[in-house]
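Numbering-wise (our numbering), the sequence shown opens with residue 18 and increments by one. Everything below concerns the one structure shown next.
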Amino acid sequence: MNQPSPHALPFGRYRELLDQDYRTLADLVHPTLDRPVPACPGWNGEDLVRHTAIVFLHKAETIRTGERPSHGWPPVSVGSLPPQALLAYCYARLVEQFDSHEPEDRAETWVPEDQTVGFWIRRLTHETSIHRFDLEDAAGGPVTSMDADLALDGIDEVLTVMLRRGRPDPAASGTTLRLETGGDSWDIRLDATRAVVDRHAAVNGQAMVRADAEPMLLWLWGRAPEPASVPEAAVELRERLSRAL
């Protein structure tokens, strides 16, 4: 299959990083069960763990059955498990599906041009990385630095995969915002119908935000303050992303 973006990692590397962040997340379950999660107002650690587990199981079932589960979801018997056991059970079901398929095998997604298991390998690696950050943040201890290549790919994924889930915005400004990190860039045109992303476009007076990859990714996900002196279009982008994530 074609790589989903110029920044995509080999699927074996996604799997390594997914397992790594899962183990860190799993070790934080008990210490954070009653701790508030700063990035998820109203949620404590247990809420976040249960959410993450059910996402794992939902995608495992989507791959296994060929369609998104709907009726009777999530199963009551699974949802009644304690949070640590629930997370372990759901992750095992997800890994079972990843191990029994090739990345190019078909799986339903919301991106018409990428209906593959590989989509979910990439998507859930990023999902787990963000929620690992959330639990470390809730625990109040040190936060693990992201893999640099994953952070760069995460910027691409949140702009080209997650942002497209958002609804049309009649109040959109139509402005083009340029994000730059290192030698990479994305131009996002904030149209009313959808946000259009163009990689590595020519510089042409666009409003611009520059930052290192990890803080930029965490800002896009609403997990870090906005970079200094951002233009109004950056605030608009974050608002639009907040409705899509």
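C-beta: ideal position from N, C-alpha, C; glycine also. Source: prediction; values computed, not measured.
- When C-beta atoms of the segment 109–122 are compared with those of the segment 167–176, fewer than three pairs fall below 8 Å, so the two segments do not count as touching.
- Its chain contains Leu169, Ile172, Arg227, Ala228, Asp229, Ala230 and Met233 as the residues whose beta carbon lies nearer than 8 Å to that of Thr198, once the 5 sequence neighbours on both sides are disregarded; these appear in chain order.
- Membership of Met233 in the alpha helix (DSSP H) is indicated by the continuous run Ala230 to Leu237.
- Here the segment 205–215 makes contact with the segment 239–255; the two share three or more CB pairs at distances below 8 Å.
- Arg181 and Phe136 have their C-alpha atoms roughly 15 Å apart.
- Taken through DSSP and simplified to helix, strand or coil, Leu50 comes out as coil.
- Between Pro242 and Ala155, the beta carbon gap of about 18 Å keeps them out of contact (Cβ cut-off 8 Å).
- For the beta strand (DSSP E) assignment, the segment 121–147 encloses no uninterrupted run of at least 3 residues.
- For Val252, the enclosing alpha helix (DSSP H) starts and ends at Glu249 to Ala261.
- For Ser190, the closest of Pro23, Gly96 and Val213 by C-alpha to C-alpha distance is Val213.
- Unbroken alpha helix (DSSP H) runs of no fewer than 4 residues, entirely contained in the segment 178–248, are found at 230–237, following chain order.
- Contact between Leu42 and Arg149 holds: CB atoms are separated by about 5 Å, below the 8 Å threshold.
- A distance below 9 Å separates the beta carbons of Thr142 and Arg32.
- At the C-beta level, Arg139 and Ala25 come within 9 Å of one another.
- It is roughly 12 Å from the alpha-carbon of Asn61 to the alpha-carbon of Glu153.
- Across the set Gln101, Glu144 and Asp166, the C-alpha of Asp166 shows the shortest separation from the C-alpha of Pro27.
- Taking C-beta separations shorter than 6 Å and ignoring five residues to either side along the sequence, the partners of Ile71 in its chain run Pro91, following chain order.
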